[in-house]
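For reference, the structure is listed below as structure tokens.
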Amino acid sequence: MNFLIKILLGGAAVFIGDYLISGVSVTGYGTALLVALILSLLNATVKPVLTLLTIPVTILTLGLFLLVINVLMIYLTDALISGFRVNGFFPALLFSFVLSFVNWLFDSLLD
Numbered sequence: 769m770n771f772l773i774k775i776l777l778g779g780a781a782v783f784i785g786d787y788l789i790s791g792v793s794v795t796g797y798g799t800a801l802l803v804a805l806i807l808s809l810l811n812a813t814v815k816p817v818l819t820l821l822t823i824p825v826t827i828l829t830l831g832l833f834l835l836v837i838n839v840l841m842i843y844l845t846d847a848l849i850s851g852f853r854v855n856g857f858f859p860a861l862l863f864s865f866v867l868s869f870v871n872w873l874f875d876s877l878l879d
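FYI, the numbering for the sequence shown is 769 to 879, going by the numbering used here.
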């Protein structure tokens with residue numbers, strides 16, 4: 769049940785990011801839910817592997833390379849879902865920030 773609530777709130781976060789960032793496009797709430805689901809699955813499976821493989825670069829950049837990994841997760845989601853588009857690195861980076869902030873806000877309000 770908690771996972772379902774997180775996906776529903778994640779879909780709302782995706783819609784908020786779509787509204788705030790001009791380089792991000794989501795066709796509907798169903799697509800936003802799918803984006804939230806795919807992003808959560810990628811963050812649980814692919815992101816840890818990429819993080820582990822890029823430890824030297826992450827250390828050299830004092831952790832800033834993790835932002836690039838977040839953008840890559842958004843690009844992968846863009847490639848997998850036809851109703852979701854991100855046009856460029858900086859819109860994807862801003863979208864990552866918005867998603868993180870809105871999800872943090874929802875988590876803090878629900879706890």
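We put the beta carbon where it would ideally sit given N, CA and C, even for glycine.
According to DSSP, which residues form a beta bridge with Phe852?
Val794
Are Ala804 and Gly778 touching if we call contact CB-CB under 8 Å?
yes
Assign Asp879 to one of three DSSP states: helix, strand, or coil.
coil
Check for me: the alpha helix (DSSP H) holding Gly831 runs from which residue to which?
From DSSP, Gly831 is part of no alpha helix (DSSP H); its letter is neither H nor E.
Please list, in chain order, all residues of the same chain as Ala860 whose beta carbon is under 6 Å from its beta carbon, the five residues on each side excluded.
Val839, Ile842 and Val854
Determine contact between the segment 859 to 877 and the segment 779 to 787, defined as no fewer than three beta-carbon pairs at a distance below 8 Å.
yes
Please go through the same chain and pick out, in chain order, the residues whose beta-carbon is closer than 7 Å to the beta-carbon of Thr845, but skip the five residues on each side of it.
Val803, Ile806, Leu807, Leu810 and Phe852
Taking all protein chains shown into account, decide if Thr799 is buried (16 or more other Cβ within 10 angstroms of its Cβ) or exposed.
buried
Just curious, the alpha helix (DSSP H) that Ile773 is in, first and last residue?
Asn770 to Leu788
Residues of its chain near Val792, where Cβ-Cβ distance is below 6 Å and the 5 sequence neighbours each way are ignored
Gly785, Asp786, Val854, Pro859 and Phe863
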